[in-house]
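Each remark here refers to the structure printed beneath this line.
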């Protein structure tokens with residue numbers, strides 16, 4: 001994009017009449033001017049084509065490496081999911097009593113979650129994306145006595161994030177996506193529950209390792225928009241990890257076949273992605289180095305659960321519903337710092353996350369089937385509501401065997 005010092009009156013008038021959908025990022029343009037003053041190799045060649053780094057507004061937006069702001073989202077999205085709660089079948093225990101469901105248990109469950117983040121280029125800092133999470137959990141638990149139960153759950157998962165395409169402009173036709181994040185994960189979580197009559201206290205702690213495949217797609221276009229654009233594709237394979245811990249306390253009121261539960265919880269998660277250097281797959285000179293990024297989250301929640309035990313031949317059906325209010329505490333926007341590989345001065349460009357919503361809710365419905373032979377299949381579906389520009393839907397399907 002031509003900067004203000006290069007604009008005449010006529011150009012200013014034309015700029016004011018331009019399509020507002022044409023993106024622009026003045027901060028990145030200023031940074032790119034600095035980089036081009038010393039760039040080498042293919043990056044230096046591009047700088048020469050663009051008169052020292054003068055980009056179109058569309059290209060300023062496209063080259064801005066804001067994809068790196070989402071590197072930690074795979075871990076945090078997984079931590080946010082209530083579907084990996086190891087007490088997913090706890091409703092049967094609450095309604096029937098621990099003595100009826102057995103002192104030992106094993107479970108296998110599948111989880112899925114779908115998210116869509118809406119963002120406006122260069123109005124919001126982050127890029128919009130669609131994501132999906134798939135995970136398989138294998139767990140066990142043991143009732144040490146009538147009050148205390150403990151166990152563990154092993155998780156293997158895969159997350160995929162597809163970024164929205166850049167905004168089309170004059171002689172600027174972007175690819176269908178501006179990149180993607182694929183993350184394979186292995187995790188272990190330990191949990192414990194202490195119960196005294198209708199009161200209970202739960203705690204969990206876990207660690208998950210991540211292996212990432214990152215792809216960033218961008219388009220280079222000089223400021224006059226008259227020369228052919230240059231399509232760039234870069235990739236990287238960093239590692240990362242996620243640490244989680246949570247505590248919850250609650251009380252269950254039982255009236256006949258109905259049980260109402262009130263739970264207060266606090267969950268902490270910390271996601272870290274190692275520093276990485278992109279591979280310049282298209283040999284355009286636009287590969288970057290990204291510093292290590294870390295994001296932390298502390299979410300408090302207040303949940304109201306409703307369950308009912310319905311007797312049937314050979315067992316009990318326990319439908320359940322949950323309404324939850326969530327509050328995120330003191331989470332500031334995080335930064336991601338990067339620099340071009342072919343910039344010998346290693347000038348750094350910083351991107352900053354949008355401020356996250358602090359207050360929102362979740363609603364879920366599910367059912368547990370408790371059979372006399374100790375088998376307990378269960379289903380749950382959950383949705384997020386009240387979170388600006390973010391839609392999230394999750395489900396869990398599993399089976400637990402009491403021994």
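Residue numbers (this note's numbering): 1 to 403. Backbone N, C-alpha and C define an ideal beta-carbon position, used for all residues, glycine too. Given the structure is predicted, the values throughout are model-derived calculations rather than measurements.
Inter-residue spacing [alpha-carbon to alpha-carbon] between residue 379 and residue 395
8 Å
Neighbour-count burial assignment, residue 86, 16 or more Cβ in a 10 Å radius:
Residue confidence for residue 86 is low, a pLDDT of 45 falling below 50, so the modelled location carries little weight; the figure read from the coordinates is stated next. By the neighbour-count rule (16 or more Cβ atoms within 10 Å), residue 86 is buried.
Which residue wins for smallest C-alpha separation from residue 205, given the options 186, 267 and 226?
267
Note down, one range per segment and in chain order, each beta strand (DSSP E) of at least 3 residues found wholly within the stretch 317–393.
335–340, 349–352, 359–371 and 375–385
With H, G and I counted as helix, E and B as strand and the rest as coil, what does DSSP make of residue 66?
helix
Kindly give me the distance between the Cβ atoms of residue 297 and residue 328, rounded to whole angstroms, as I take these residues to be in contact under 8 Å.
7 Å
Decide if residue 145 is buried, meaning its Cβ has at least 16 other Cβ atoms within 10 Å, or exposed.
exposed
Residues near residue 28 by beta carbon distance below 6 Å, same chain, minus five either side
60 and 64
Please look up how many angstroms separate the CB atoms of residue 58 and residue 192, rounded, as I've assumed it's under 8 Å.
With 8 Å as the limit, residue 58 and residue 192 do not qualify as a contact, their Cβ atoms being about 54 Å apart.
Do residue 242 and residue 210 have their C-beta atoms closer together than 8 Å?
yes
Got a sec? Which residues, its chain only, sit under 8 Å from residue 235 by beta carbon, not counting five neighbours each side?
213, 214, 215, 216, 278, 279 and 281
Residues bridged to residue 269 by DSSP?
244 and 297
Is the separation between the beta-carbon of residue 166 and that of residue 153 shorter than 8 Å?
no
Boundaries of the alpha helix (DSSP H) in which residue 169 is found, first to last residue
Per DSSP, residue 169 belongs to no alpha helix (DSSP H) and is neither H nor E.
Do you know offhand how far residue 13's Cα is from residue 264's?
Since pLDDT at residue 13 reaches only 31, below the 50 mark, its modelled position is unreliable, and the value read off the structure follows with that caveat. Straight-line Cα distance between these residues: approximately 58 Å.
In whole angstroms, what separates the C-alpha of residue 354 from that of residue 233?
25 Å
Could you check the C-alpha separation between residue 109 and residue 397 for me, to the nearest Å?
6 Å
What would DSSP say about residue 120, mapped onto helix, strand or coil?
coil
Buried or exposed: which applies to residue 123, given that a residue is buried once 16 or more other Cβ atoms fall within 10 Å of its Cβ?
exposed
Determine, for residue 312, whether the minimum Cβ-Cβ distance to residues of chain C falls below 8 Å.
The structure shown contains no chain C; it is built from a single protein chain.
With contact counted as at least three CB pairs below 8 Å, one residue from each stretch, are the stretch 308–320 and the stretch 369–378 in contact?
yes
Looking at the structure shown, is residue 227 part of a helix, part of a strand, or coil, going by DSSP?
coil
CB-CB under 8 Å to residue 176, same chain, minus the five flanking residues each way: which ones, in chain order?
165
Boundaries (first-last residue) of the beta strand (DSSP E) holding residue 132:
129–143
Whole-angstrom distance between residue 292 and residue 184, CA atom to CA atom
19 Å
Grab me the residues of residue 157's own chain with a C-beta within less than 6 Å of its C-beta, minus the 5 sequence neighbours each way, in chain order.
135 and 185
For the beta strand (DSSP E) holding residue 204, just list the boundary residues, first then last.
199–220
What's the C-alpha gap between residue 402 and residue 142?
10 Å
In DSSP terms, what residue 180 is bridged to:
162 and 215
In whole angstroms, what separates the C-alpha of residue 294 from that of residue 338?
14 Å
Is it true that the CB of residue 363 sits closer than 8 Å to the CB of residue 376?
no
Over what stretch of residues does the alpha helix (DSSP H) that includes residue 30 continue unbroken?
26–36
Assign residue 48 to one of three DSSP states: helix, strand, or coil.
helix
Considering only the beta carbon of each residue, do residue 220 and residue 286 sit closer than 8 Å?
yes
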